[in-house]
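In terms of our numbering, the sequence shown opens at residue 947 and continues consecutively.
This report refers to the structure that appears directly beneath it.
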Amino acid sequence: MKKLAFAFLMLISTVWAQTLTTNSSALRFTATVGASTLPAAQTVSVQSAPPGGGFTVAVTGAAPHFAGWLLVSAASGRAPQTVSVQVNPTGLAAGSYVGTITFTGTTGSPLPVAVVTVTLVIGTPPPTITVSPTAITFSYTTSQPVTGNPNLSSTFILSNTGAATAASLSVQSAPWLRVTPTGNITLAGLFNSINVTVDPTGLSPKSYTANITIKSTGTANPTLTLPVTLNVVAAAPNIFSTWPLGVIQQSAQSFVTIYGESYFANSTVSATGFTTEATITATDGTSTASENFYIPVYPSTASFLRIPMGSPMPAGTVSTAYTALNLTAAGGTSPYTWSLASGQLPPGINLSGNQLLGTPTAAGTYYFTLQVEDSTSPITATSYMPFKMHIMPASSSSLRVTGPTTALVAGTLSSTYPSGNAVRSVGAASAPTWSAAGLPSGMSINSTTGVLTGVPGSVGLQGNLTSRQVGENAMLVTVPASFLLSPGYLRMAVSTPNPGGGTSSEAQFQVYGPRPQVNAVVDSASYAQGTISPGQLLTLFGLGLGPATLTLFNPSVPAPQIPSALPVTGPATSVTIGGVAAPILYTSANQASVIVPYTVIGSSADLVLSYNGLASAPVSLTVAPTSPGIYTTDASGRGQGAILNYNLTTNDYTLNSNAAPALKGGIAVLYVSGIGATNASVAAPTTAAATLIAPNAVVTPSANVSVTVGGIAASVIGAISPIGSVPGLLQINISIPSNAPVGAAVPVVVNIGGVDTQNGVTMAIK
947 MKKLAFAFLM
957 LISTVWAQTL
967 TTNSSALRFT
977 ATVGASTLPA
987 AQTVSVQSAP
997 PGGGFTVAVT
1007 GAAPHFAGWL
1017 LVSAASGRAP
1027 QTVSVQVNPT
1037 GLAAGSYVGT
1047 ITFTGTTGSP
1057 LPVAVVTVTL
1067 VIGTPPPTIT
1077 VSPTAITFSY
1087 TTSQPVTGNP
1097 NLSSTFILSN
1107 TGAATAASLS
1117 VQSAPWLRVT
1127 PTGNITLAGL
1137 FNSINVTVDP
1147 TGLSPKSYTA
1157 NITIKSTGTA
1167 NPTLTLPVTL
1177 NVVAAAPNIF
1187 STWPLGVIQQ
1197 SAQSFVTIYG
1207 ESYFANSTVS
1217 ATGFTTEATI
1227 TATDGTSTAS
1237 ENFYIPVYPS
1247 TASFLRIPMG
1257 SPMPAGTVST
1267 AYTALNLTAA
1277 GGTSPYTWSL
1287 ASGQLPPGIN
1297 LSGNQLLGTP
1307 TAAGTYYFTL
1317 QVEDSTSPIT
1327 ATSYMPFKMH
1337 IMPASSSSLR
1347 VTGPTTALVA
1357 GTLSSTYPSG
1367 NAVRSVGAAS
1377 APTWSAAGLP
1387 SGMSINSTTG
1397 VLTGVPGSVG
1407 LQGNLTSRQV
1417 GENAMLVTVP
1427 ASFLLSPGYL
1437 RMAVSTPNPG
1447 GGTSSEAQFQ
1457 VYGPRPQVNA
1467 VVDSASYAQG
1477 TISPGQLLTL
1487 FGLGLGPATL
1497 TLFNPSVPAP
1507 QIPSALPVTG
1517 PATSVTIGGV
1527 AAPILYTSAN
1537 QASVIVPYTV
1547 IGSSADLVLS
1557 YNGLASAPVS
1567 LTVAPTSPGI
1577 YTTDASGRGQ
1587 GAILNYNLTT
1597 NDYTLNSNAA
1607 PALKGGIAVL
1617 YVSGIGATNA
1627 SVAAPTTAAA
1637 TLIAPNAVVT
1647 PSANVSVTVG
1657 GIAASVIGAI
1667 SPIGSVPGLL
1677 QINISIPSNA
1687 PVGAAVPVVV
1697 NIGGVDTQNG
1707 VTMAIK
């Protein structure tokens, strides 16, 4: 049991392992002996979970060439990233050659690996002799489908009128052009239908011409040419996201990748505006509270697709129906289609058509990005906008600025800002006095009513930016330090000149203020947001939460006490929940883990993270007696549980999986967080959460514990916190019911104090 506790302590005290995947496991190139052009390069998209994982690239192959013909554009990188793959068949004889590209992650144990097999098939020059028709023309608009597109294929007829002859077919300097069949053919007066296809992938908009050359020795016309024209018209570029999402204000010159589609070598990037971070403050004579607002301002001539709304959205309250919020789009071509691009809507809030509606079920601060797609033909345009929404507990006594009373409307340059946009608060002891700093120039707030008024006088920073295409779906942009001086959103657009082309919607690149940004507070097991319980293990995500290097608490120093600040020297991370210092398990720039103090009282509490003397904005959380979650093997809060099979005969443990299922009547071990008060916390409420469980101590939850497997009640053999762990972590030993269902994904639910763990956790049973 001690070994188990130690192993699981390591599980909860580390950042989850990286996975590495590619969009294709096999690439195929074809070439001909003596060809004067190389086969067209292909691409591999490398992804990691979580995003941003580093990787290295290695190329191997069999003797005698050892894949020396295989070229990869990068030796290392950071996912997501598109890597170009090229082959050089020069000097190789006809035949088939195989090489391997191995992508290896730089973090995780074991290191994640993704493998792509590359096959190069080299044939003799393709044959042909006479043609009909005498010319072929193709037309293609970028971003249209390539595979299966009937406009990208055609046929011509080869024939001869004399004795049987050998013919060969070749294409000069046109890797986008393909002819099938290839190889030597014999013509003996028969009609041969030859397929011609073009692949415009990666081609810049313009007209491309090439000849299919037909040669046949010993004939009266030994060389014929078939002209082929491919007209590529640019689709308007689209922007989907940036990497990174943002930087801290006053950063040095930064390199930003804009991801989207329809980018070309002649595409350019410009700053189209800057949405300032405005701080709006409420004072009631006793307390003061602030909130950051973002109100974009657009020129009156703007026609590009956009979401003319600001952030935050109107706040909601737990268990109170949220007033349906109409989402607004402008520009482009209606009708519009809305979707959640990233992040998480508050539990209970749904996106239906162009509305956000529902009844919130969990307090918290939620960050999400909404995307709108228009009906432009043949390629639709898209636009996105990041938003924040507060869900307040059913009761809150602290003064908080919760957001606007209605959706924030974007401003229009030199036009009166729409009336009715007011700011509201909760928990004020008296009518608050309002003030604001950083609003768009020309705007102000009424100190009594909180109404926003004025005539916006500027759209913000504008100007051309140095950029270059690094793939059809990526532009690398250099953002000078002068554009990063103030917090807000730097807006950027990609433009492509004729033929076709146009200007995209705007990227939203955030320039963060100097204080820590807490973007999510989740249960470390279930990853659920909003509700916490005493002793619960929490994971915090955000920016500027701590030092760049992951720092863990040392369980042996001192004796062993979990600190309330990490690192112990230098700038440190600290967290308060309801004003009580929370023990910290680990901290880093983007992720931290803390334990909810047992002394947190009331139905709600604000979480505040501080680092290097700066405090984050408060995150409101609901406090409940229990809020249980089951740990899972991939740290997603879903799927295969982090469950062990225990063998009574051998005293051995195995990790439950489809390959190692539990047996009916056998023993399984589960791990749960969010169990609430324990016998230890009652005895020593001020220190139990901050001290590891000593040998021979027996710590059990105060609330009742029950488990169902496949909907069948399981016998709970024991439910205690493991030695060497913390009281908020619970180990539950159960006996698998003899009538439990079998399979690789049997649902498992733990109930503590009348509250069920998250849905979607499973185990394997046979």
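For every residue, glycine included, the Cβ atom is placed at its ideal position computed from N, Cα and C.
Nothing here was measured: the structure is a model prediction, and the numbers come from that model.
Looking at residue j and residue i, is the spacing between their C-beta atoms short of 8 angstroms?
{"i": "P1350", "j": "P1445", "result": "no"}
{"i": "L1407", "j": "V1425", "result": "no"}
{"i": "Y1557", "j": "P1517", "result": "yes"}
{"i": "T1579", "j": "N1591", "result": "no"}
{"i": "P1386", "j": "G1357", "result": "yes"}
{"i": "L1302", "j": "L1273", "result": "yes"}
{"i": "V1264", "j": "T1307", "result": "yes"}
{"i": "L1531", "j": "I1576", "result": "no"}
{"i": "V1355", "j": "Y1244", "result": "no"}
{"i": "T1572", "j": "I1698", "result": "yes"}
{"i": "V992", "j": "A1025", "result": "yes"}
{"i": "L1483", "j": "S1619", "result": "yes"}
{"i": "I1589", "j": "N1602", "result": "yes"}
{"i": "S1150", "j": "F1210", "result": "yes"}
Please go through the same chain and pick out, in chain order, the residues whose beta-carbon is closer than 6 angstroms to the beta-carbon of residue i, but skip the five residues on each side of it.
{"i": "G1664", "result": "N1679"}
{"i": "L1291", "result": "F1314"}
{"i": "Q964", "result": "S994, G999, G1051, T1053, G1054, P1058"}
{"i": "T1497", "result": "L1512, P1513, T1533"}
{"i": "P1173", "result": "A1081, N1157"}
{"i": "K1334", "result": "S1257, P1258, Y1313"}
Taking the alpha-carbon positions, what's the residue i to residue j distance?
{"i": "P1183", "j": "A1383", "result": "35 angstroms"}
{"i": "T1101", "j": "R1124", "result": "11 angstroms"}
{"i": "F1250", "j": "L1398", "result": "26 angstroms"}
{"i": "S1246", "j": "P1364", "result": "14 angstroms"}
{"i": "Y1240", "j": "S1089", "result": "33 angstroms"}
{"i": "T1188", "j": "A1180", "result": "22 angstroms"}
{"i": "S1022", "j": "A1013", "result": "18 angstroms"}
{"i": "V1077", "j": "S1114", "result": "13 angstroms"}
{"i": "S1153", "j": "G1277", "result": "30 angstroms"}
{"i": "D1145", "j": "T1362", "result": "51 angstroms"}
{"i": "P1028", "j": "V990", "result": "One point to set straight first is that residue 1028 is Thr, not Pro, in the sequence displayed. Cα-Cα distance, rounded: 6 angstroms."}
{"i": "I1541", "j": "D1552", "result": "14 angstroms"}
{"i": "N1238", "j": "N1465", "result": "14 angstroms"}
{"i": "F975", "j": "G1492", "result": "48 angstroms"}
{"i": "A1353", "j": "V1521", "result": "32 angstroms"}
{"i": "A1474", "j": "S1413", "result": "40 angstroms"}
{"i": "G1373", "j": "D1702", "result": "31 angstroms"}
{"i": "T1221", "j": "T1568", "result": "32 angstroms"}
{"i": "T1624", "j": "G1700", "result": "16 angstroms"}
{"i": "P1127", "j": "A1112", "result": "14 angstroms"}
Leaving out five residues on either side along the sequence, give the residues of the same chain with a beta carbon under 7 angstroms from the beta carbon of residue i.
{"i": "P1433", "result": "Q1195, E1223, V1457, Y1458, G1459"}
{"i": "T1063", "result": "S971, A972, V1044, T1046"}
{"i": "S1213", "result": "P1183, Q1415, M1421, V1440, S1441, T1442"}
{"i": "F1429", "result": "A1217, L1407, L1436"}
{"i": "V1644", "result": "I1666"}
{"i": "P1035", "result": "A977, W1015, L1066, I1068"}
Taking the DSSP output, what are the residues bridged to residue i?
{"i": "N1212", "result": "None; N1212 has no bridge partner."}
{"i": "N1167", "result": "According to DSSP, which records beta bridges pairwise, N1167 is partnered with nothing at all."}
{"i": "R1124", "result": "T1143"}
{"i": "Y1473", "result": "Y1473 pairs with nothing; no bridge assigned."}
{"i": "E1207", "result": "N1184"}
{"i": "R1584", "result": "Beta-bridge pairing links R1584 to no other residue."}
{"i": "F1102", "result": "I1140"}
Below 8 angstroms CB to CB, which residues in the same chain sit around residue i once its five sequence neighbours on both sides are set aside?
{"i": "A1561", "result": "R1461, P1462, V1554, L1555"}
{"i": "Y1282", "result": "A1275, N1300, V1318, E1319, D1320, S1321"}
{"i": "T1006", "result": "F1012, A1013, G1045, T1046, T1048"}
{"i": "A1659", "result": "S1652, V1653, P1683"}
{"i": "A1008", "result": "V1044"}
With hydrogens ignored, establish whether the beta-carbon of residue i is closer than 7 angstroms to any heavy atom of the ligand GDP.
{"i": "S1360", "result": "Ligands displayed in this structure: none; no statement on the ligand GDP is therefore possible."}
- Message: Restricting to runs no shorter than 3 residues, where is the beta strand (DSSP E) found entirely within the stretch 1218-1279?
- Response: 1234-1240, 1268-1272
- Query: What are the complete beta strand (DSSP E) segments, minimum 3 residues, inside the stretch 1022-1068?
  - Reply: 1022-1024, 1027-1033, 1041-1051
- Within the stretch 1588-1642, note down every full alpha helix (DSSP H) run reaching 4 residues or more, in order along the chain. 1625-1629
- Message: Which complete beta strand (DSSP E) runs does the stretch 1514-1576 hold, if anything under 3 residues is left out?
- Response: 1519-1523, 1530-1533, 1537-1541, 1550-1557, 1565-1569
- Task: May I have a chain-ordered list of the beta strand (DSSP E) segments no shorter than 3 residues that lie completely inside the stretch 1642-1668?
- Result: 1651-1655, 1658-1666
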